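Okay, structure first, notes after.
Numbering (this note's numbering), first residue to last: 381 to 795.
As structure tokens, then:
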């Protein structure tokens, strides 16, 4: 491991919570695509599969920030364990209804309930921020490491989820995802030494972290970005099936994540200068442009290469996003702020997977790749329009200062 990555793991407890976070985040890459594969295997209806995946993502978008707000106030252990048990019970209900061919509405009820799954990535990043909030370069490396972990999940998660659902039984992928969630969350919350201390009640009185104008731009852009990811997942499964190799979709999506993983690993080694907002804008535009070659894909190898190139822009953009959240969200609401970016992605995944499912049903998989192109164009447009909000950090972005001075700093700036 290169020395910058070795250095961040010198702090006690970092290896343990990072490993637990890996298991806890596996469902992020397994659940949605697992539901799509399961439902398409059982019913052959991609429209229903995409709608269920969208329901799951939308529910997570609504409930996730509320869970993280409770975490900021009461701590990770007290909140995450009961919430995780509720999410797992809902997933179990979804799988039983699918296996028993119960009415469609029952599937949607349990998919909505499963949306209370916690944002484990936000929980681990909050722990890194607690340890290195006064060391920007080390925190940049830590966020890059977390992005690598995300992408490793997306390399192996779809392979395992789709592979099990197609080779064993349709419900196998989501079932294993629920198991990973249970292990990851309970292992993470057992590690009390690195758990961020809840902030005093008075620091939470100003409302949601989403009141930050900069965070609003990030979330809005990530809605469109999430639509890219959701559409690519659904259309790639359908594209592979049309070419007679449905199980190969997991490998193609893994190549997409591999490109992001490699880019994130290199990005974490760099000592960056200049404004994070400018890097973020370039990254969003690069993701948008990278969707255009997918229109030319006529076979799986070409598609895999195009997605690998497209993946190179993802991790650096996500890492920069976390740095911008640090600058625009008060420290007492950091977990909630990080979760809101995931919420934007979840909403986008819901919209993108649903739209792609309907397009595939109506016009075939090749036409479905128009959805991520449109989503990418929207993401770039929103990023351009909101750039000025992100270009200058607000006083709450001074991560190296003690929280008790934040209000004083605000008053001094106004004066």
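We put the CB at the ideal spot given by N, CA and C, even for glycine.
Bear in mind the structure is a predicted one, so any value in this text is a computation, not a measurement.
Q.
Can you tell me whether residue 389 is helix, strand or coil according to DSSP?
A. In the chain shown, residue 389 corresponds to position 9, counting from 1. Coil.
Q.
If you follow the alpha helix (DSSP H) that residue 712 is in, where does it begin and where does it stop?
A. On the chain shown, position 332 is the one that residue 712 refers to. Secondary structure note for residue 712: it is in no alpha helix (DSSP H), with a DSSP letter that is neither H nor E.
Q. When burial is assigned at 16 or more other CB atoms within 10 Å of the CB, is residue 753 buried or exposed?
A. Translated into positions along the chain shown, residue 753 becomes position 373. Buried, because 16 or more other Cβ atoms sit within 10 Å of the Cβ of residue 753.
(Q) Starting from residue 497, trace the alpha helix (DSSP H) in both directions and tell me its first and last residue. (A) Start at 1 with the first residue of the chain shown, and residue 497 comes out as number 117. Taken as a continuous stretch (DSSP letters only), residue 497 belongs to no alpha helix (DSSP H), as it is neither H nor E.
Q.
According to DSSP, simplified to helix, strand and coil, what is residue 584?
A. Position 204 of the chain shown, counting from 1, holds the residue named residue 584. Residue confidence for residue 584 is low, a pLDDT of 48 falling below 50, so the modelled location carries little weight; the figure read from the coordinates is stated next. In the displayed model, residue 584 falls within a helix according to three-state DSSP.
Q: For residue 671, name the three-state secondary structure that DSSP assigns.
A: Locating residue 671 in the chain shown gives position 291, where the first residue counts as 1. In the structure shown, residue 671 sits in coil (DSSP, three-state: anything other than H, G, I, E or B).
Q: With DSSP collapsed to three states, give me the class of residue 574.
A: The residue given as residue 574 occupies position 194 in the chain shown. Residue state, collapsed to three classes: coil.
Q) Grouping DSSP H, G and I as helix and E and B as strand, with all else coil, what is residue 692? A) On the chain shown, position 312 is the one that residue 692 refers to. DSSP places residue 692 outside both helix and strand once states are collapsed to three, so it counts as coil.
Q | Through-space distance from residue 578 to residue 584, alpha-carbon basis | A | Position 204 of the chain shown, counting from 1, holds the residue named residue 584. Position 198 of the chain shown, counting from 1, holds the residue named residue 578. Residue confidence for residue 584 is low, a pLDDT of 48 falling below 50, so the modelled location carries little weight; the figure read from the coordinates is stated next. Near 10 Å, if we compare the C-alpha coordinates of residue 578 and residue 584.
Q. Straight-line CA distance for residue 392 to residue 571?
A. Your numbering for residue 392 matches position 12 in the chain shown. Your numbering for residue 571 matches position 191 in the chain shown. Residue 392 and residue 571 have their C-alpha atoms spaced approximately 11 Å apart.
Q) Can we say the region 438 to 452 touches the region 714 to 725, given the rule of at least three CB pairs closer than 8 Å? A) Per the Cβ contact rule, the region 438 to 452 is in contact with the region 714 to 725 (3 or more Cβ pairs under 8 Å).
Q) Would residue 771 be called buried (16 or more neighbouring beta carbons within 10 Å of its own) or exposed? A) Position 391 of the chain shown, counted from the start, is the residue given in the question as residue 771. By the 10 Å Cβ count, residue 771 comes out exposed.
Q. What does a CB cutoff of less than 7 Å around residue 440 pick up in its chain, not counting 5 residues either side in sequence?
A. As a position in the chain shown, residue 440 is number 60, starting the count at 1. Taking C-beta separations shorter than 7 Å and ignoring five residues to either side along the sequence, the partners of residue 440 in its chain run 495, 497 and 726, following chain order.
Q) Anyone know if the C-beta pair for residue 632 and residue 693 falls short of 9 Å? A) In the chain shown, counting from the first residue as 1, residue 632 sits at position 252. In the chain shown, counting from the first residue as 1, residue 693 sits at position 313. Contact annotation: residue 632 and residue 693 have beta-carbon atoms that are not nearer than 9 Å.
(Q) I want to see whether chain C comes within less than 9 Å of residue 662, judged by CB atoms only; does it? (A) Looking at the structure shown, chain C is missing, and only one protein chain is on hand.
Q: Following the continuous alpha helix (DSSP H) through residue 523, name the residue where it begins and the one where it ends.
A: By one-based count along the chain shown, residue 523 stands at place 143. Unbroken alpha helix (DSSP H) run through residue 523: 516 to 547.
Q) Given a threshold of 16 other Cβ atoms within 10 Å of its Cβ, counted over all protein chains shown, does residue 388 qualify as buried or as exposed? A) Taking the chain shown and counting its residues from 1, one reaches residue 388 at position 8. By the neighbour-count definition (other C-beta atoms within 10 Å, threshold 16), residue 388 is a buried residue.
Q. Between the Cα of residue 593 and the Cα atoms of 410, 765, 757 and 412, which residue gives the shortest distance?
A. Taking the first residue of the chain shown as position 1, residue 593 is located at position 213. Checking every option, the nearest Cα to that of residue 593 belongs to 765.
Q. Short check: CB of residue 414 to CB of residue 522, under 9 Å?
A. On the chain shown, residue 414 is found 34 positions in, with the first residue counted as 1. On the chain shown, residue 522 is found 142 positions in, with the first residue counted as 1. A distance of 9 Å or more separates the beta carbons of residue 414 and residue 522.
Q.
Tell me which residues share the same chain as residue 502 and place their Cβ nearer than 7 Å to its Cβ, disregarding the 5 neighbours each side in the sequence.
A. What you label residue 502 is simply residue 122 of the chain shown in a count that begins at 1. 448, 715, 718, 719 and 722, listed in sequence order.
Q.
Given a cut-off of 9 Å on the beta-carbon distance, is the pair residue 711 and residue 597 in contact?
A. Taking the first residue of the chain shown as 1, we reach residue 711 at position 331. Taking the first residue of the chain shown as 1, we reach residue 597 at position 217. Note that the C-beta distance between residue 711 and residue 597 is not below 9 Å.
**Q.** Host alpha helix (DSSP H) of residue 749 (start-end)
**A.** As a working note, residue 749 is residue 369 in the chain shown. From DSSP, residue 749 is part of no alpha helix (DSSP H); its letter is neither H nor E.
Q) Can we say the region 739 to 757 touches the region 609 to 623, given the rule of at least three CB pairs closer than 8 Å? A) In the pairwise beta carbon analysis, the region 739 to 757 is classified as touching the region 609 to 623: at least three pairs are separated by under 8 Å.
(Q) Am I right that residue 551 and residue 478 are in contact with their C-beta atoms under 8 Å? What's the rounded C-beta distance? (A) Here the question's residue 551 lines up with position 171 in the chain shown. Here the question's residue 478 lines up with position 98 in the chain shown. Contact check for residue 551 and residue 478: beta-carbon distance about 6 Å, within the 8 Å limit, so the pair qualifies.
Q. At which residue ranges does the region 382 to 439 contain complete alpha helix (DSSP H) runs of 4 or more residues, listed in the order of the chain?
A. Counting whole runs of 4 or more residues, the region 382 to 439 contains the alpha helix (DSSP H) stretches 383 to 388 and 394 to 423.
Q: Report the option in 475, 429, 529 and 670 whose CA atom is closest to the CA atom of residue 399.
A: The count along the chain shown starts at 1 and reaches residue 399 at position 19. Residue 399 has its Cα closest to that of 529, out of 475, 429, 529 and 670.
Q) What are the start and end residues of the alpha helix (DSSP H) that includes residue 640? A) Here residue 640 corresponds to residue number 260 of the chain shown, with the count starting at 1. First-last of the alpha helix (DSSP H) with residue 640: 629 to 647.
Q) Should the region 756 to 764 be called in touch with the region 660 to 677, which here means at least 3 C-beta pairs below 8 Å? A) By the C-beta criterion, the region 756 to 764 is judged to be in contact with the region 660 to 677, since at least 3 inter-stretch pairs fall below 8 Å.
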